[in-house]
Structures are given as C-alpha cells and as structure tokens.
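Novice: So that we are looking at the same thing, I have put the structure below in structure tokens.
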Amino acid sequence: MNGPVLPPPLALLAELTHRCPLKCFYCSNPLALERRHSELDTNEWRRVLTEAAALGILQVHFSGGEPMARDDLAELVRHAADLKLYTNVITAGVLLSDTAMAALSAARVDHIQLSFQDSRAASADYIGGYAGGHDRKLAAAQRITAAGLPLTLNFVVHRLNAERVAEMIDMGESLGAARVEIAHAQYHGWALRNRRGLLPSRAQLDAVTQVVEKARERLKGKLVIDYVMPDYYASRPKACMGGWGRRFINISPSGKALPCHAAETLPGLDFPSVREHSLAEIWRQSPAFQKFRGTQWMPEPCRSCERRELDWGGCRCQAMALLGDSSATDPVCTKSSDHYVVEEALAELSADGELSARVMAPAGKSSRQRADTRAPGR
Amino acid sequence: MPHLARGVRLHYDEVRSAWVLLAPERLFQPDDVALEVLRLVDGERSVRAIIDSLASRYQAPRALIAADVVTMLQDLNGRGAISL
Chain A
21 MNGPVLPPPL ALLAELTHRC PLKCFYCSNP LALERRHSEL DTNEWRRVLT EAAALGILQV
81 HFSGGEPMAR DDLAELVRHA ADLKLYTNVI TAGVLLSDTA MAALSAARVD HIQLSFQDSR
141 AASADYIGGY AGGHDRKLAA AQRITAAGLP LTLNFVVHRL NAERVAEMID MGESLGAARV
201 EIAHAQYHGW ALRNRRGLLP SRAQLDAVTQ VVEKARERLK GKLVIDYVMP DYYASRPKAC
261 MGGWGRRFIN ISPSGKALPC HAAETLPGLD FPSVREHSLA EIWRQSPAFQ KFRGTQWMPE
321 PCRSCERREL DWGGCRCQAM ALLGDSSATD PVCTKSSDHY VVEEALAELS ADGELSARVM
381 APAGKSSRQR ADTRAPGR
Chain B
448 MPHLARGVRL HYDEVRSAWV LLAPERLFQP DDVALEVLRL VDGERSVRAI IDSLASRYQA
508 PRALIAADVV TMLQDLNGRG AISL
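Note that the protein sequences, when read in sequence, are chains A and B. Here my numbering runs 20 ahead of the position in the first sequence, where the first position is 1. Here my numbering runs 447 ahead of the position in the second sequence, where the first position is 1.
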C-alpha cells in the first residue's frame with residue numbers, strides 16, 4: 021500500500037502546550053484545548069526528540085499554544101541541537117524577555133518565527149486579545165535579530181487585517197526579517213468557528229495577492245515572502261502537510277501523534293500516544309498514519325486524477341468539516357461534486373460576523389462536545 | 448561572496464545517507480551537481496572562483512558550468528538559502 025519502502029518523516033511539529041497568553045480568533049488549535057496537567061513532561065519530550073532524530077526527522081518546530089509558556093523550552097531546544105536537529109521556535113513573542121532570548125541562544129536555536137496579528141498596535145491587540153502585545157512583539161523582534169538569529173515574521177491574514185498586507189511586508193523589512201509569511205487563515209479549530217467574520221471577500225483576496233506579488237518582485241534576493249492562499253478561493257486543494265503521513269508528525273501537548281494538527285477532528289481514528297509507542301512504530305505501523313497515506317484510500321475523482329500524487333486528495337479535516345466525511349475529496353477542488361458547499365460558505369461571509377476569542381474551557385468543562393457537534397457550513 | 452544565509456546549514460543526514468540543506472522552515476535535498484556547488488559556497492570563494500574550481504574538475508565547457516552555477520545560486524538566493 022505504501023510502496024516498497026516508507027520514507028522517514030522530515031519534520032516534527034512539537035506542540036509543547038496549548039497554553040497561550042493570546043486569544044486569536046483564527047487559532048488553528050482545537051476548540052478543546054489540552055490543559056497543563058495533561059502535558060508531556062520534560063523527559064518525555066526529550067525521549068520523543070531522541071526517537072525523532074533516530075527515525076530520520078531533520079527539523080523540529082517547537083510550537084503550541086505558546087511554546088515559551090513552558091519553562092523547559094530552552095532545555096528541549098538544547099537537546100534537539102545536541103541531536104543535530106534543526107530547531108525552529110514558533111512564538112507569539114510576548115514572553116520573549118532578554119533572559120528567555122539569552123537562554124534560547126545558548127541552547128543554539130536555529131531560527132525563530134514570530135507572529136504578529138496586524139501592522140498596527142490597536143488592531144493587532146484586538147485580534148490577539150492581549151493589550152500591549154504588539155509592542156512586546158516589536159521588542160521581541162529586536163532581541164531576535166540582535167542575537168544574530170534569522171527571523172521570520174508570520175502574519176495570519178483575514179477580513180480584519182487584509183487591507184494592511186503592504187504594511188506587514190514593510191515591517192518585515194524594517195525589523196530585519198529574512199522571511200515574511202503572509203498566510204491566509206486556514207479554517208480549522210477556532211478559525212472555523214469564526215469563519216463568517218474572518219473569511220476575506222474575493223476583492224480583498226485579489227488585492228492581497230497583488231500586493232504580495234509586487235513586493236516579491238521588489239524584494240527578490242532580500243526578503244523571502246511566503247504566501248499561503250485561503251483554500252476556499254482555490255480551485256485545487258493543497259497537499260495538506262505534504263500528504264497524510266508523508267512528511268510530518270505532529271505531537272499534541274499530551275503526546276498524541278497526529279498526521280496534522282487538526283486531525284483530532286476526524287472521527288474513528290485512534291491516534292497513538294508517544295507515552296505508549298515509539299515514534300518509529302507510530303510512523304510505520306499505526307493505523308491512523310496509514311489511513312490516508314498514499315492513493316489507495318482515494319475516492320473518485322481523486323483516484324484517477326493526474327494530480328493525485330501532487331495534492332494527495334487535499335485536506336482530510338476540511339472534507340470532514342465541510343462534508344462530514346473524512347474520506348471525501350477535499351470540496352475545495354472544483355472537480356468535487358460537493359464543491360458547492362465552499363461556494364455557499366463564501367456567499368454567507370459577513371462583515372459583522374460574531375467572533376469568539378480562543379479560550380480554554382473552565383476547569384471541569386469541556387468544549388469538546390460543542391466543537392464536534394457543531395454543524396459545519398451552517 | 449556567496450555564502451549560506453543566516454540559519455542555513457549543510458547537514459549530512461545519517462539516516463538517508465545524503466546531504467541536505469537545512470533552512471528556516473524548509474529544506475533542500477540537493478542532487479550531486481548541486482551538492483558540488485554548495486560545498487564551494489563558503490563565503491570566501493567568489494562566483495568566478497566557484498566556476499573555476501568546477502571547470503578544472505569536469506569536462507564540460509566552462510560557459511555551460513557557469514550558466515548552471517549562476518542559475519542555481521540565483522534560485523537559492525531567491526528562496527533565501529544563499530546570500531550573494
């Protein structure tokens with residue numbers, strides 16, 4: 021089913037925690053955020069990193085939530101660096117003090133991706149739900165470049181900030197970033213819940229694309245701009261995660277191994293825990309990682325499509341969210357007979373859509389039920 | 448002088464028995480020819496010196512080697528892996 025030899029994964033997404041000082045409307049974390057007491061401890065993460073290197077993983081992305089909310093981040097980065105893994109810290113930056121920066125530098129972090137919510141403080145702080153956050157992030161950017169590290173600025177773009185993409189790219193230049201990511205929100209987790217208020221109009225999207233293309237031309241060789249289109253306006257789906265179980269392993273804060281960070285929205289899959297299985301075993305043998313790997317699982321029109329090994333059928337979580345069927349062709353594809361649901365979603369987007377801030381459910385309650393029973397596309 | 452950009456390094460991957468170029472949130476798996484070029488990108492050799500070095504070792508016409516090297520360096524520069 022997987023060909024004669026299964027290549028090892030390239031990257032590990034280590035979601036160290038779901039805790040985060042920010043409350044972004046577009047967060048792609050699950051609605052049911054995992055709590056601190058369920059998180060893997062330092063030794064468990066160290067073992068996972070050791071297994072990752074042995075398995076052939078080359079890059080580790082320390083993410084979250086906010087990875088700096090863990091006090092062992094620098095220790096884990098150091099352990100990964102000792103294993104010759106390439107280390108990337110994906111952070112909101114509000115906790116990146118001088119002390120924290122010095123610890124990460126000493127741990128030999130390779131790269132930091134710093135998120136901003138907008139180019140202007142008032143709007144950024146509103147979107148992130150954190151007063152003073154934008155200014156803290158600006159200070160963090162200076163600390164990162166002063167430490168001699170390569171800096172990527174990440175902007176998640178949506179209806180509330182799409183007009184300011186040119187300013188975002190200017191920020192990248194003025195803060196000395198080597199890369200800027202202009203990434204349209206992907207509608208999973210909190211972003212899916214808030215989709216009506218976040219999804220940009222076609223006119224907004226076209227304007228953003230034009231700004232990005234012009235800036236790329238002007239900044240070629242100086243600043244790399246990575247641009248992620250919103251799926252809903254595409255005619256062909258993305259190869260989500262480079263294909264299911266092909267490149268990435270995502271570990272949730274409590275140690276569940278997932279082919280992508282939203283995979284827990286898919287019913288009927290038993291995601292193995294690194295507390296019980298080695299990464300090698302998970303990669304090679306777990307039913308969850310094999311479920312949508314390759315092309316055998318595909319329905320038509322994917323199965324006979326010439327793009328089947330380019331987009332690998334698109335995003336399973338999107339098929340689930342929009343169609344209630346995780347094995348369906350990603351409805352973003354215009355070849356899908358269900359593509360109309362995407363068009364319906366675009367028709368209902370609204371300037372005054374209500375937005376829910378990302379928050380952990382109060383202790384003892386779970387937002388899980390609410391999350392899983394919410395009819396998508398309604 | 449061309450050199451690897453900040454945060455970029457050439458790494459020997461023991462598991463795959465192959466060299467990879469590791470960069471911020473991306474990686475490149477160079478073929479043998481690209482690897483020969485990358486090994487000469489050390490911040491001390493000029494583009495001309497890189498071409499000279501390759502021309503002295505390979506039979507191909509210098510102009511052809513030069514075109515390949517320049518194309519490759521520009522491509523990796525555009526993707527943020529090499530500073531020129």
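C-beta: ideal position from N, C-alpha, C; glycine also. Predicted, not measured: the structure shown is a model, and the values here were computed from it.
Does the beta carbon of Y505(B) fall short of 7 Å from some heavy atom of the ligand ADP?
Specialist: As far as ligands go, the structure on display features none, and thus does not contain the ligand ADP.
Novice: Check the Cβ-Cβ distances between A465(B) and every residue of chain A, and say whether any is below 8 Å.
Specialist: no
Novice: By how many angstroms is the C-alpha of P29(A) removed from the C-alpha of L60(A)?
Specialist: 21 Å
Novice: Just reading off the alpha helix (DSSP H) that R98(A) is part of, what are its end residues?
Specialist: 93 to 102
Novice: For the region 163 to 189 of chain A, enumerate the residues whose C-beta is nearer than 8 Å to any C-beta of chain B, in chain order.
Specialist: G168, L169, P170, T172
Novice: Specify, as a first and last residue, the run of the beta strand (DSSP E) that A31(A) falls within.
Specialist: 31 to 35
Novice: Is there a Cβ from chain B that is less than 8 Å from the Cβ of R102(A)?
Specialist: Sequence check: residue 102(A) is Asp here, not Arg. No, its Cβ sits nowhere closer than 8 Å to a Cβ of chain B.
Novice: When the distance is taken between beta carbons, is G454(B) closer than 8 Å to L169(A)?
Specialist: yes
Novice: Taking contact to mean 3 or more Cβ pairs, one atom from each stretch, closer than 8 Å, check whether the region 325 to 344 of chain A and the region 206 to 217 of chain A are in contact.
Specialist: yes
Novice: For Y360(A), is the classification buried or exposed, using 16 other Cβ atoms within 10 angstroms of its Cβ as the cut-off for buried?
Specialist: Counting the other Cβ atoms within 10 Å of the Cβ of Y360(A) gives fewer than 16, which makes it exposed.
Novice: Taking 8 Å as the limit between beta carbons, can you name the residues of its chain near E64(A), skipping five residues before and five after?
Specialist: G275, V294, R295
Novice: Any idea if T119(A) is buried or exposed, counting beta-carbon neighbours within 10 angstroms, 16 or more meaning buried?
Specialist: exposed
Novice: How many Å lie between I302(A) and T70(A) at the Cα?
Specialist: 15 Å
Novice: Can you find a CB in chain A that lies within less than 8 Å of the CB of V462(B)?
Specialist: yes
Novice: Pull out every residue of the region 218 to 238 of chain A whose Cβ sits closer than 7 Å to any Cβ of chain B, in chain order.
Specialist: Residues of the region 218 to 238 of chain A with a C-beta less than 7 Å from any C-beta of chain B: none at all.
Novice: Count the other CB atoms within 10 Å of the CB of M448(B); is the residue buried (16 or more) or exposed (fewer)?
Specialist: Taking a 10 Å sphere around the C-beta of M448(B), we find fewer than 16 other C-beta atoms and assign the residue as exposed.
Novice: Straight-line CA distance for D155(A) to Q79(A)?
Specialist: 30 Å
Novice: Out of V185(A), A227(A), S125(A), I110(A), which one is the CA nearest neighbour of A144(A)?
Specialist: V185(A)
Novice: Grab the span of the alpha helix (DSSP H) containing L115(A) for me, first residue to last.
Specialist: Per DSSP, L115(A) belongs to no alpha helix (DSSP H) and is neither H nor E.
Novice: Where do the ends of the alpha helix (DSSP H) carrying N524(B) lie?
Specialist: Here the alpha helix (DSSP H) through N524(B) covers 509 to 525.
Novice: Quick check on the burial criterion: 16 or more other C-beta atoms within 10 angstroms. Buried or exposed for S194(A)?
Specialist: exposed
Novice: Counting along the chain, where does the beta strand (DSSP E) carrying I202(A) start and finish?
Specialist: For I202(A), the enclosing beta strand (DSSP E) begins and ends at 199 to 204.
Novice: For L278(A), which of G153(A), M121(A), A31(A) has the nearest alpha-carbon?
Specialist: A31(A)
Novice: Do L531(B) and G241(A) have their C-beta atoms within less than 8 Å of each other?
Specialist: yes
Novice: State buried or exposed for A367(A), treating a residue as buried only when at least 16 other CB atoms are found within 10 Å of its CB.
Specialist: exposed
Novice: Would N22(A) pass as an interface residue toward chain B - the criterion being a Cβ-Cβ separation below 8 Å?
Specialist: At N22(A), the pLDDT of 46 sits below 50, so the modelled position is not reliable and the matter cannot be decided from this model.
Novice: Does L330(A) pass the burial test, meaning 16 or more other C-beta atoms within 10 Å, or should it be called exposed?
Specialist: exposed
Novice: Does R199(A) get closer than 8 Å to chain B when you measure Cβ to Cβ?
Specialist: yes
Novice: By DSSP, does N63(A) sit in helix, in strand, or in coil?
Specialist: helix
Novice: Does H450(B) get closer than 8 Å to chain A when you measure Cβ to Cβ?
Specialist: no
Novice: My guess is that A513(B) and I498(B) are in contact by the Cβ rule of under 8 Å, so how many angstroms apart are they, rounded?
Specialist: 5 Å between Cβ atoms; contact.
Novice: State the DSSP-derived secondary structure class of V176(A), mapped to helix, strand or coil.
Specialist: strand
Novice: Check the DSSP bridge columns for I132(A) and list the partner residues they point to.
Specialist: V109(A), L171(A)
Novice: Mind pulling the alpha helix (DSSP H) runs of 4 or more residues that sit fully within the region 299 to 375 of chain A?
Specialist: 299 to 305, 307 to 310, 328 to 331, 336 to 343, 360 to 367
Novice: Do we get a CB-CB distance below 8 Å when we pair Q316(A) with the residues of chain B?
Specialist: no
Novice: The alpha helix (DSSP H) that contains G156(A), what's its start and end?
Specialist: According to the sequence shown, residue 156(A) is Arg rather than Gly. Where R156(A) is concerned, the enclosing alpha helix (DSSP H) stretches over 153 to 166.
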